[in-house]
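Trainee: One structure follows; several queries about it will come next.
Protein chains in written order, with the working numbering: chain A, 107 to 535; chain B, 4 to 494.
The following block contains the structure:
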């Protein structure tokens, strides 16, 4: 007998039927590990999503609370023998929450500002960054923090203020040139996603990436018209804008005619690799999306294909590596960053306990769920301390900000670096 | 059992929160829903409350309250059980022990650890691993299941063949009795005085009380390990190889069989290195002293080849070995790739009857128009036929239950048992008469009543139920599919 396909907000959640309730995911879920409640486990959430789609359950306060507490770290996907597409299920659930429970005017305005204005328009984001830089450089931030005003802000806003990264000067936020030639024997032509938030906060990562790619024989194109890939929108339940952002991104990068699209942020890479599934139901885009997705590579994936081209300078230090969720679980990249670090002379890599556990950053999770984010951060920082490493290497700006904040609060002098920063140092950067 | 009124429920919730603290009591139906089944989704039941105690005193207080109110209660760990053993009676209290998950003490000199029941099995081995120790019982769900649940079911695992089951590794238990009293059974030494109450308690499926502290043995990791994969074109050859290995006097730590359907599912899941075109494969592990292990491995290889193996290879390194085991231990979960649901059977048979019983299993499942995947502990004859089905198709669940009952009957007929390690729970309660007489069951009931006279502690499990048996809170009677088919009777 044919059954009606299960959907939420028009998105298929048929994947719930792949879950056979074995529970092997439970011990790998950070929120279940912290709380011990099955509504906060992957199996429980899949069960709830199924019950929602079948109409056995409605989006009551507890249902919204438990589904919203999911980090979307996808550690459960790595553990799942059945291949339940958990990330897609929770995104559909979050989209349904936004439809049914959009919240009050303040929350809606905040979402519109973030998802609609800032992420959708690179120029607006750059203007906001300039304003933020002024706030920090003028000493106003220090004044506000000293005044105790921050602690009187509502929960989310005070968490947000604490996480504000120190923005670089305007010159360091300048975009990369459109074209950077390869050095030495040419290996290929790749295009770089500079990222929306990434490009204003961590322009240094993009410059390091460009330099390493050139050193390794890659000709780099940087499409100047690129915007945001839509990952934050998709994770936040803003499905409609995520679709239009994906289409724009595909168009811009197709025009770059590169062998691969290189990404140095975890959420963007995982999301762009899933464009095929995202646009599968749109006949005009499905094929283009699949072809585009097949060409997306994380920077570590591309670089690990061949030994790094020398000469590399020694970097005599002990580091540990934190796996960003959407690199290790979203893209199944585990060996490559470690292989690259092993090639740096003098560098000692100590394995981090629970290296592939979420640090609590999880996109904007540390703003929306500050309490759980803080618990997971404390767990992560404790593990970092246990390694005695001088630096934490990772591969995603969100994790860097989060772990930096955690170490700062504990008064630890441990650097947190992007993989490309360590490699750039080895190239004499 | 009377349903609680809304007022009474609110009052009890307040009282439970007073005992356990805020955030430790669930009573919202939307939250209780996720606790309606364990790893076996065929059976479902809703509790009135799910509570999260953090100490033996908490557990005792909740149990005393349940006792006072005449409410049934049941302990739950990770909910990975496969027999419905931790399902609530309709209504009542589920005590989730997931917040009691500490390792309280490790005594390496005396090779023991004291742990709480909510500790994940594998996490104990992780904890003591750096010092060269491990906890031997290794159920396939060990990455998620808890030691408390292992106690309830006397869980086994692949390495049961050489190392024995959970009860062989438990020295002492702190138990909250069904009336709330906290007692110790056994202690920290190998043998305790008096009756072997540990032996009675372990495997009682949560019907004798709730363990709140567990003293377990930890073992030194073996000096050497060899893992052999033997590939067969016929299932009968693989079955014959199992008997041949044992007949030649070899004592492997584990002998596991995995069939073609299952190989396909685990290869899709993790790409573990099992050949997809094999009818069956055997995973044979040897461990112990480094001296002599090579010779033993050669003898295993010879036994497999003599039984018709088309290929026999040894895992070349620890990574390959781990991957093979990952495939084996994830097999049940991987069935989700080929079917939306499955029911696993847990029959035990004399090893020499493997070829006959596996053929019968296939015939039975075929006759019901269903599919089956086999992955099991071949060395000790503990079968796991996994009957695949689609719960959305009307009538399929009933056919699965009927096929399962016939398979159990075959196991009983060849002199076997209906459960090796998953427990009787709800699922197999009605099969008990296949292997026990009325007098056997009556004696077991008397033992249960000695521990659990009110019958509030995990009612409706293990024993076939009937309306008038007097158990408080027993699950409501409904005719079982096998009763309707005349395969079993309630008494």
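In this text, a Cβ means the ideal position worked out from N, Cα and C, and glycines have one as well.
It should be emphasised that the depicted structure is a prediction, and the values quoted were computed from it without experimental measurement.
With 7 Å as the C-beta to C-beta threshold (strictly closer), list the residues of the region 337-350 of chain B near chain A in chain order.
Mentor: Correct list: 337, 338, 339, 340, 343, 344 and 345.
Trainee: Beta-carbon within less than 8 Å of residue 157(A)'s beta-carbon, same chain only, minus the 5 sequence neighbours each way: which residues are those?
Mentor: Within the first chain, numbered from 1, the residue matching residue 157(A) stands at position 51. Contacts found: 163.
Trainee: Does residue 492(A) have its Cβ less than 8 Å from a Cβ in chain B?
Mentor: On the first chain, position 386 is the one that residue 492(A) refers to. No, because no Cβ of chain B sits closer than 8 Å to the Cβ of residue 492(A).
Trainee: Can you name the residues of chain B whose CB is closer than 7 Å to the CB of residue 144(A)?
Mentor: Translated into the one-based positions of the first chain, residue 144(A) becomes position 38. Per Cβ cutoff of 7 Å: 37, 38 and 82.
Trainee: Under the rule that 16 or more other beta-carbon atoms within 10 Å means buried, what is residue 344(A), buried or exposed?
Mentor: The residue labelled residue 344(A) in the question sits at position 238 within the first chain. Looking at its Cβ environment, which holds 16 or more other Cβ atoms inside 10 Å, residue 344(A) is buried.
Trainee: Can you check the region 326-384 of chain A for any beta strand (DSSP E) of at least 3 residues that lies completely inside it and give the ranges in chain order?
Mentor: Runs of the beta strand (DSSP E) inside the region 326-384 of chain A: 366-369.
Trainee: Just curious, the alpha helix (DSSP H) that residue 463(A) is in, first and last residue?
Mentor: Numbered from its first residue, the first chain carries residue 463(A) at position 357. From DSSP, residue 463(A) is part of no alpha helix (DSSP H); its letter is neither H nor E.
Trainee: Does the region 208-228 of chain B come close enough to the region 99-118 of chain B that 3 or more CB-CB pairs lie under 8 Å?
Mentor: Yes, they touch.
Trainee: Please report how far the alpha carbon of residue 301(A) lies from the alpha carbon of residue 370(A), in whole angstroms.
Mentor: Here residue 301(A) refers to the residue found at position 195 of the first chain. Here residue 370(A) refers to the residue found at position 264 of the first chain. Those two C-alpha atoms are separated by around 8 Å.
Trainee: Assuming the contact rule is C-beta atoms closer than 8 Å, residue 142(B) and residue 157(B) should be a hit. Round their C-beta distance to whole Å, please.
Mentor: As a working note, residue 142(B) is residue 139 in the second chain. As a working note, residue 157(B) is residue 154 in the second chain. 11 Å between Cβ atoms; not a contact.
Trainee: Check residue 492(A) in the structure and name its three-state DSSP category.
Mentor: Counted from its first residue, the first chain places residue 492(A) at position 386. Helix, per DSSP.
Trainee: Closer than 9 Å between beta carbons: that is the criterion. Which residues of the region 251-273 of chain B meet it against chain A?
Mentor: If the cut-off is 9 Å between Cβ atoms, the region 251-273 of chain B has 268, 269, 271, 272 and 273 near chain A.
Trainee: Drop a sphere of 10 angstroms on the beta-carbon of residue 122(B), count the other beta-carbons inside from all chains shown, and report buried for 16 or more, exposed for fewer.
Mentor: To locate residue 122(B), count along the second chain from 1; it is residue 119. So residue 122(B) ends up on the buried side.
Trainee: Mind listing the chain D neighbours of residue 123(B)? Cutoff is C-beta to C-beta under 7 Å, in chain order.
Mentor: Considering every chain present, this structure includes no chain D. Its protein chains are A and B.
Trainee: Among all the DSSP beta bridges, which residues are the ones paired with residue 213(B)?
Mentor: By one-based count along the second chain, residue 213(B) stands at place 210. Answer by DSSP bridge pairing, in chain order: 179(B).
Trainee: Who are the Cβ neighbours of residue 79(A) in its own chain at under 7 Å, not counting the five residues just before and after it?
Mentor: Residue 79(A) is absent from the model: chain A starts at 107 and stops at 535.
Trainee: Would you mind stating whether residue 522(A) and residue 509(A) have Cβ atoms separated by less than 8 Å?
Mentor: Taking the first residue of the first chain as 1, we reach residue 522(A) at position 416. Taking the first residue of the first chain as 1, we reach residue 509(A) at position 403. The answer is yes: Cβ separation under 8 Å.
Trainee: Per DSSP, which residues does residue 137(B) bridge with? Please list them.
Mentor: In the second chain, the residue the question calls residue 137(B) occupies position 134. Paired residue(s): 222(B).
Trainee: In the structure shown, what three-state DSSP assignment does residue 380(B) receive?
Mentor: Your numbering for residue 380(B) matches position 377 in the second chain. In the structure shown, residue 380(B) sits in a strand (DSSP, three-state: E or B).
Trainee: Compare the C-alpha of residue 363(B) against each of 411(B), 201(B), 92(B) and 380(B) and name the closest.
Mentor: As a working note, residue 363(B) is residue 360 in the second chain. Comparing Cα positions, the closest option is 411(B).
Trainee: Considering only residues of the region 354-380 of chain B, which uninterrupted beta strand (DSSP E) runs meet the minimum length of 3 residues and lie entirely inside it, listed in chain order?
Mentor: Taking only runs of at least 3 residues, the beta strand (DSSP E) segments lying wholly in the region 354-380 of chain B are 374-380.
Trainee: For a contact defined as C-beta to C-beta under 8 Å, what are the partners of residue 155(B) on chain A?
Mentor: Taking the second chain and counting its residues from 1, one reaches residue 155(B) at position 152. Within 8 Å Cβ-Cβ: nothing; residue 155(B) doesn't reach chain A, min ~15 Å.
Trainee: Of the residues 484(A), 112(A) and 357(A), which one's Cα is nearest the Cα of residue 120(A)?
Mentor: Sequence index remark: in the first chain, residue 120(A) carries index 14 (1-based). When each option's Cα is compared against that of residue 120(A), the closest is 112(A).
Trainee: Indicate whether at least one CB of chain B lies closer than 8 Å to the CB of residue 371(A).
Mentor: Locating residue 371(A) in the first chain gives position 265, where the first residue counts as 1. By this cut-off, residue 371(A) is not an interface position.
Trainee: Give the secondary structure of residue 439(B) by DSSP, where H, G and I count as helix, E and B as strand, and everything else as coil.
Mentor: One-based indexing of the second chain puts residue 439(B) at position 436. DSSP places residue 439(B) in coil when its eight states are reduced to three.
Trainee: My guess is that residue 524(A) and residue 311(A) are in contact by the Cβ rule of under 8 Å, so how many angstroms apart are they, rounded?
Mentor: Locating residue 524(A) in the first chain gives position 418, counting from the first residue. Locating residue 311(A) in the first chain gives position 205, counting from the first residue. 5 Å between Cβ atoms; contact.
Trainee: When you check each C-beta in the region 82-112 of chain B against every C-beta of chain A, which residues fall closer than 7 Å?
Mentor: Answer in chain order: 82, 83, 99, 101 and 102.
Trainee: Flag this pair as yes or no: are the beta carbons of residue 361(A) and residue 146(B) separated by less than 8 Å?
Mentor: To locate residue 361(A), count along the first chain from 1; it is residue 255. To locate residue 146(B), count along the second chain from 1; it is residue 143. No, the pair does not count as a contact, with Cβ atoms beyond the cut-off.
Trainee: Taking any Cβ of chain A, which residues in the region 20-52 of chain B have a Cβ under 9 Å from it, in chain order?
Mentor: Those would be 26, 29, 31, 32, 33, 34, 36, 37, 38, 39, 40, 41, 42, 43 and 44, in chain order.
Trainee: By the criterion of Cβ-Cβ separation under 8 Å, what are the contact partners of residue 437(A) in chain B?
Mentor: Translated into positions along the first chain, residue 437(A) becomes position 331. Simply none; closest approach about 16 Å.
Trainee: Measure the alpha-carbon distance for residue 261(B) versus residue 81(B) and round it to whole angstroms.
Mentor: Taking the first residue of the second chain as position 1, residue 261(B) is located at position 258. Taking the first residue of the second chain as position 1, residue 81(B) is located at position 78. The straight-line gap from Cα to Cα measures roughly 26 Å.
Trainee: Per DSSP, what kind of secondary structure is residue 427(B) in: helix, strand or coil?
Mentor: Position 424 of the second chain, counted from the first residue, corresponds to residue 427(B). If DSSP states are grouped into helix, strand and coil, residue 427(B) belongs with coil.
Trainee: Going by other Cβ atoms of all chains shown within 10 Å of its Cβ, with 16 needed for buried, is residue 160(A) buried or exposed?
Mentor: Taking the first residue of the first chain as 1, we reach residue 160(A) at position 54. Looking at its Cβ environment, which holds fewer than 16 other Cβ atoms inside 10 Å, residue 160(A) is exposed.
Trainee: For a cutoff of 8 Å on Cβ pairs, would you count residue 166(A) as touching chain B?
Mentor: In the first chain, residue 166(A) corresponds to position 60, counting from 1. Chain B contact via Cβ: present.
Trainee: At 3 residues or longer, and completely inside the region 377-423 of chain A: list those beta strand (DSSP E) runs for me, N to C.
Mentor: Listed in chain order, the complete beta strand (DSSP E) runs (minimum 3 residues) inside the region 377-423 of chain A are 402-404.
Trainee: For residue 470(B), does the three-state DSSP call read helix, strand or coil?
Mentor: On the second chain, position 467 is the one that residue 470(B) refers to. Low confidence applies to residue 470(B): its pLDDT is 38, below 50, so where it sits in the model is not reliable, and the reading given next is rough at best. Correct three-state label for residue 470(B): coil.
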